[in-house]
Amino acid sequence: MTASRDIACRVRGFGAYTPVDVLTNFDLEKFVETTDEWITTRTGIKQRHRLAEGQNASDAAAEAARLALADAGMEPGEITHVINATCTPDYLCPNTACLVEAKLGIMGAMAFDFNAACSGYVYGLSMARAIVAAQPEARVLLTATEALTRRLNWADRTTCVLFGDGAGASVITADGEGALLEDVLCASDGNLGGLLTIGGGTHTPYAKGDPVGDDFFVQMNGRDVFKHAVRNMAAISQDVLARNGLTTDDVALLIPHQANLRIIEAVGDRLGVPAERVFVNLHEFGNTSAASVPLAIADARAKGVLRPGMRVLLATFGGGFTWGAALLHF
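With this note's numbering applied, the sequence shown has no gaps in its numbers, which climb one by one up to 402 at the end.
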């Protein structure tokens, strides 16, 4: 038993933000070679949200963070750590966590970004748990934010219809009231990273005036991603349940990463979780990557689907490849 599992870890507040601008499948029909029927039958997505001009990932994260702090009954000045999951940061430098810190009026907190793509929130829970285990007085603000519509090739109908913008946030401490983080497991396989990429980093050097290539945008081998996502999300979910002496019968609600309805259904089938115990809001938001799981948690609470006393299983998979699962007892 590791030290971090010996110390209680509470998720005391949840918040989520999606931009006002909604892009429906029918809107996409006007400039993408696609149809509502094609998108819906293959993905389950009906619409997605898009950041306004001048609005960035840090703005969305700050909005979600304000809601999470209010939900936790805490002030920004109490936060000691700001950790931010994103694969679409405002800048390469400064990090987005520092921008969020500034927008919230926080001064002096440890602030950093990390990139686990769609697994970002669950990875962040693991890091936050480690922080409060080492520093029980810590007050960790975890944000997960994406501006994916800024990195879509609108001529590629296989990817541009999938993604949306949004942010989620949580406050994590070792004390107080809130959902108990019972356990979290994370894993990865870097050998498969080429199957899902967003370029634009130093791998591709640019000179002033150079055109942006296709590799600047989201590129994905959908068939292979589907296969690995289902297998690994189900397997790590089973692992985290088994090491806590639990089965899916002990889980009131499964909240998976909202990437594709077929993936969600396949993971539920493998785990033996009936559809009525699997939360889905993919049709409303599309794939918001790192923001997907916290956005779904906040949405499930707001809709009364997630209630006090429930044990919730989170499962996620993202580029890298990365994947993870966590158990939260509300």
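Using N, Cα and C, we set each Cβ at its ideal position, and we do this for glycine too.
*Helix, strand or coil: how does DSSP classify Gly87 here?*
Correct three-state label for Gly87: strand.
*Are the beta-carbon atoms belonging to Thr217 and Arg84 less than 7 Å from one another?*
Contact check for Thr217 against Arg84 fails: the beta carbons are separated by 7 Å or more.
_Proximity to Arg82 [Cα-Cα], best of Gly391, His355, Leu214 and Asp162_ = Selection Gly391, His355, Leu214 and Asp162 evaluated against Arg82 yields Leu214 as nearest (Cα-Cα).
*Separation of Ala362 from Ala75, as counted between CA atoms*: Here Ala75 scores only 46 on pLDDT, less than 50, and its place in the model is too uncertain to base an answer on.
_Candidates Asn97, Gly87 and His401: closest to Gly250 by CA position_ = Closest option to Gly250, Cα to Cα, is His401.
_Val302 and Ile335 closer than 7 Å at C-beta_ = The answer is yes: Cβ separation under 7 Å.
*Output yes or no for whether 7 Å exceeds the beta carbon distance between Leu267 and Val297.*
Against a cut-off of 7 Å, the Cβ pair of Val297 and Leu267 comes out as a contact.
*asked:* Between Gly87, Pro346 and Arg120, which has its C-alpha nearest Thr360's C-alpha?
replied: Here the closest residue by C-alpha is Arg120.
*Classify Met146 as helix, strand or coil using the three-state DSSP reduction.*
Note: Met146 maps to coil in three-state DSSP.
*Residues near Pro91 by beta carbon distance below 8 Å, same chain, minus five either side*: Apart from the 5 residues on each side of it in sequence, Pro91 sits with its Cβ closer than 8 Å to the Cβ of His121, Arg122, Leu123, Ala124, Gln127, Ala132, Asp237 and Gly238 in its chain, given in chain order.
*Thinking Leu257 and Val212 are a contact (beta carbons under 8 Å), I'd like their distance in whole angstroms, please.*
Incorrect: roughly 19 Å between the Cβ atoms, too far for contact.
*Burial state of Glu348, where buried means 16 or more other Cβ atoms lie within 10 Å*: Under this definition Glu348 is an exposed residue.
*asked:* Please state the DSSP three-state secondary structure of Ala411.
replied: Not covered by the structure: residue 411. The range shown for the chain is 73 to 402.
*asked:* Can you look up Asp311 in the DSSP assignment and give me helix, strand or coil?
replied: The answer is helix: DSSP assigns Asp311 an H, G or I state.
*Hey, out of Gln207, Thr112 and Ile178, whose CA is closest to Arg229's CA?*
Comparing Cα-Cα distances from Arg229 to each of Gln207, Thr112 and Ile178, the minimum goes to Thr112.
*Rank Arg373, Val339, Gln207 and Leu326 by C-alpha distance to the C-alpha of Val350 and give the top, closest one.*
Of Arg373, Val339, Gln207 and Leu326, the residue nearest in Cα terms is Leu326.
*Can you tell me the Cα-Cα spacing of Asp371 and Asn353, whole angstroms?*
Cα to Cα, the separation comes out at about 8 Å.
_Between which residues of its own chain and Thr152 is the CB-CB distance below 8 Å, once the five residues before and five after are set aside?_
Closer than 8 Å at the Cβ level, and outside the excluded window around Thr152, lie Ala181, Met182, Gln207, Glu209, Ala210, Arg211 and Val212.
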